[in-house]
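So the sequences go chain by chain: A and B.
Numbering-wise (this note's numbering), the first sequence opens with residue 1 and increments by one.
Numbering-wise (this note's numbering), the second sequence opens with residue 1001 and increments by one.
There are 2 protein chains.
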Amino acid sequence: MIEKIKKDLLINISKDRYLHTLRVVDTCKKLAINHNMDLEKTTISALLHDSAKFIKKERVVDLAKEFGLLDKSKKPYNTELLHGPLAVKIAISKYDVVDKDILNAIKYHTTGRRNMSLLEKIIFMGDYIEPHRNFEGIQIIRNLAFEDLDKSLLLALDTNIKFLIESKKTISIDSIDARNYLIEENLKKRR
Amino acid sequence: MIEKIKKDLLINISKDRYLHTLRVVDTCKKLAINHNMDLEKTTISALLHDSAKFIKKERVVDLAKEFGLLDKSKKPYNTELLHGPLAVKIAISKYDVVDKDILNAIKYHTTGRRNMSLLEKIIFMGDYIEPHRNFEGIQIIRNLAFEDLDKSLLLALDTNIKFLIESKKTISIDSIDARNYLIEENLKKRR
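Quick look at the structure:
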């Protein structure tokens, strides 16, 4: 299955995106070993996380419509937030993935969400810190991902929210839920 | 009614909070004149916005329970987010306020929300920029509130979100909805 996915990716997504995917797989596997997560689940989730980032954006829109992911509301359309849910549909229909944890890790890899599983956290962070990512503060987040996954996740989410504010872009409610949950849980622990 | 509210405020909230309220009334009235909003509605909303910030926090909790505002979920309890909705209950039960716009302006004065009315924006901004507020960037927001209310609102929301991130505090979903809406509407206008 893993070799089949790799072959398909080489056809469907750009070379750069494919190489990014391999780096995410590698980083996620290191995180998985460090945090005791199943390696096969990790590999499949990481391989498929960007499988819907087709070279042609129209194909994302067309397929999303086919799978019923696009509501025809008047909201401005954002392909960036669509590739996770669409990759889930591909995982189910093309590779018969049924594992809910894998599907959620793929679905929420860009935004995060409230109460994430270990696998979801690993895929989110692997994507965020893979070796080619380069921005202010990345090394701190990179190290923290192995020492304290929740702390690194909160820092990554907050860094991303601040970036979206500076870029005058909308912020996903799932990302806010993800960080609020981490803060609330941390407060509870300290009580 | 305005004199009765003032008398009650002097009994129920601290002197500092009362003086803050008078400054908010004054600032909101200036904004209202600038943006063509009804002055009586503005005055009543501004006078009542912090009417539930009782000196004793237990009274906030007790009254909120009495009015059915407190669900007994396990979420950490946040009085800061409660004083707006509680002030609405006071406005209705004590002063017979029925105007939905006034009630919403009171309810959402701390967080903002998606698709705010002119009155809601004026009360939010008046509270945010009253003369005693002092933090980095306040003067830009203060001037902008008279020139372009939406731009000042977005900047105020974003400044507040960044402050909450630095303070490691939870962020209200209503505030995110408020800013996302302003960005989406602005994008639509440019199309």
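C-beta: ideal position from N, C-alpha, C; glycine also.
Open item on the list: Comparing C-alpha positions only, which one of B:Ile1044, B:Lys1121 and B:Arg1133 sits nearest to B:Ile1090?
Closed with: Here residue 1090 of chain B corresponds to residue number 90 of the second sequence, with the count starting at 1. The candidate whose alpha carbon is nearest that of B:Ile1090 is B:Ile1044.
Open item on the list: Under 8 Å, Cβ to Cβ, is there at least one residue of chain B near A:Glu184?
Closed with: Locating residue 184 of chain A in the first sequence gives position 184, counting from the first residue. Look at A:Glu184: its C-beta is under 8 Å from a C-beta on chain B.
TODO: Tell me whether the beta-carbon of A:His35 lies closer than 8 Å to the beta-carbon of A:Ile122.
DONE: Looking up residue 35 of chain A in the first sequence gives position 35. Looking up residue 122 of chain A in the first sequence gives position 122. Closer than 8 Å, so yes.
Task: Exposed unless 16 or more other CB atoms sit within 10 angstroms - verdict on B:Glu1130 - done: On the second sequence, residue 1130 of chain B is found 130 positions in, with the first residue counted as 1. B:Glu1130 counts as buried, since at least 16 other C-beta atoms from the protein chains shown sit within 10 angstroms of its C-beta.
Task: Close-in-space but distant-in-sequence residues of the same chain around B:Tyr1128 (CB under 6 Å, 5 per side omitted) - done: Locating residue 1128 of chain B in the second sequence gives position 128, counting from the first residue. Correct list, in chain order: Ala1156.
- [ ] Closer than 8 Å, Cβ to Cβ, to anything on chain B: give me those residues from the segment 162-184 of chain A, in chain order.
- [x] Taking 8 Å as the Cβ-Cβ cut-off against chain B, the residues of the segment 162-184 of chain A that qualify are Lys162, Ile165, Lys168, Lys169, Thr170, Ile171, Ile173, Ile176, Asp177, Arg179, Asn180, Ile183 and Glu184.
Open item on the list: Please state the DSSP three-state secondary structure of B:Asn1036.
Closed with: Start at 1 with the first residue of the second sequence, and residue 1036 of chain B comes out as number 36. Residue state, collapsed to three classes: coil.
TODO: Quick one: give me the first and last residue of the alpha helix (DSSP H) that B:Thr1110 is part of.
DONE: As a first step, residue 1110 of chain B is located in the second sequence; it is residue number 110 there, counting from the start. For B:Thr1110, no alpha helix (DSSP H) run applies, since DSSP gives it neither H nor E.
Task: Neighbouring residues, chain E, relative to A:Asp158 (Cβ below 8 Å) - done: Among the chains of the structure shown, chain E does not appear; the protein chains present are A and B.
Open item on the list: To the nearest angstrom, how far is the alpha carbon of A:Asp14 from that of A:His109?
Closed with: By one-based count along the first sequence, residue 14 of chain A stands at place 14. By one-based count along the first sequence, residue 109 of chain A stands at place 109. In the sequence as presented, Asp is not what sits at residue 14 of chain A; that position holds Ser. Going from the Cα of A:Ser14 to the Cα of A:His109 covers about 19 Å.
Open item on the list: With a threshold of 7 Å on Cβ separation, who are the neighbours of B:Asp1099 within its own chain once the five nearest residues in sequence on each side are excluded?
Closed with: Residue mapping note: residue 1099 of chain B aligns to position 99 of the second sequence, counting from 1. Excluding sequence neighbours, B:Asp1099 sits near Lys1041.
Open item on the list: For A:Asp8, tell me which candidate among A:Arg23, A:Leu22 and A:Ser51 has the shortest Cα-Cα distance.
Closed with: Taking the first residue of the first sequence as 1, we reach residue 8 of chain A at position 8. Cα-wise, what sits closest to A:Asp8 is A:Ser51.
Task: Reduced DSSP category for A:Ile161 - H, G, I as helix; E, B as strand; rest coil - done: As a first step, residue 161 of chain A is located in the first sequence; it is residue number 161 there, counting from the start. Looking at A:Ile161 - three-state DSSP - the assignment turns out to be helix.
Open item on the list: The alpha helix (DSSP H) that contains A:Arg179, what's its start and end?
Closed with: Counting from one through the first sequence, the residue named residue 179 of chain A turns up at place 179. For A:Arg179, the enclosing alpha helix (DSSP H) starts and ends at Ile173 to Arg190.
Task: Separation of B:Lys1029 from B:Glu1147, as counted between CA atoms - done: Numbered from its first residue, the second sequence carries residue 1147 of chain B at position 147. Numbered from its first residue, the second sequence carries residue 1029 of chain B at position 29. Near 15 Å, if we compare the C-alpha coordinates of B:Lys1029 and B:Glu1147.
TODO: Count the other CB atoms, across all protein chains shown, that sit within 10 Å of the CB of A:Asn180; report buried if there are 16 or more and exposed otherwise.
DONE: Here the question's residue 180 of chain A lines up with position 180 in the first sequence. It counts as buried.
Task: Where B:Gly1084 sits in the DSSP three-state scheme - done: The count along the second sequence starts at 1 and reaches residue 1084 of chain B at position 84. Correct three-state label for B:Gly1084: helix.
Task: Span of the alpha helix (DSSP H) around A:Met1 - done: For the purposes of this step, residue 1 of chain A is taken as the residue at position 1 of the first sequence. Counting along the chain, no alpha helix (DSSP H) covers A:Met1, and no H or E run does either.
- [ ] Apply the 10 Å Cβ neighbour rule to B:Glu1185 and answer buried if 16 or more other Cβ atoms are within range, or exposed otherwise.
- [x] Counted from its first residue, the second sequence places residue 1185 of chain B at position 185. Label assigned to B:Glu1185: exposed.
Open item on the list: On the criterion of 16 or more Cβ atoms from any shown chain inside 10 Å, does A:Glu120 qualify as buried, or is it exposed?
Closed with: Taking the first residue of the first sequence as 1, we reach residue 120 of chain A at position 120. Under this definition A:Glu120 is a buried residue.
Open item on the list: I'd like the list of long-range same chain contacts for B:Met1037, defined as Cβ closer than 8 Å, with 5 residues on each side in sequence excluded.
Closed with: On the second sequence, position 37 is the one that residue 1037 of chain B refers to. Counting only Cβ-Cβ distances below 8 Å, and skipping sequence neighbours, we find Leu1031, Leu1118, Leu1119 and Ile1122.
Open item on the list: Pop quiz: A:Arg114 and A:Ala178 are said to be a contact at Cβ under 8 Å. What is the actual Cβ separation, rounded to whole angstroms?
Closed with: For the purposes of this step, residue 114 of chain A is taken as the residue at position 114 of the first sequence. For the purposes of this step, residue 178 of chain A is taken as the residue at position 178 of the first sequence. That pair is a contact at about 6 Å.
- [ ] Check whether the Cβ atoms of A:Leu154 and A:Leu187 lie closer than 8 Å to each other.
- [x] Reading the first sequence from its first residue, position 154 is the one you call residue 154 of chain A. Reading the first sequence from its first residue, position 187 is the one you call residue 187 of chain A. Their beta carbons are not under 8 Å apart, which means A:Leu154 does not touch A:Leu187 by this criterion.
- [ ] State buried or exposed for B:Ile1005, treating a residue as buried only when at least 16 other CB atoms are found within 10 Å of its CB.
- [x] Along the second sequence, one-based indexing puts residue 1005 of chain B at 5. Counting of Cβ neighbours within 10 angstroms places B:Ile1005 among the buried residues, the total reaching 16 or more.
Task: Continuous alpha helix (DSSP H) stretch holding A:Leu119: start and end - done: In the first sequence, residue 119 of chain A corresponds to position 119, counting from 1. Residues Leu118 to Ile129.
Open item on the list: Using 8 Å for Cβ pairs, my map puts B:Thr1111 next to B:Asp1174. What's the rounded Cβ distance?
Closed with: Position 111 of the second sequence holds residue 1111 of chain B. Position 174 of the second sequence holds residue 1174 of chain B. About 4 Å separates the beta carbons of B:Thr1111 and B:Asp1174, which is inside the 8 Å limit, making them a contact pair.
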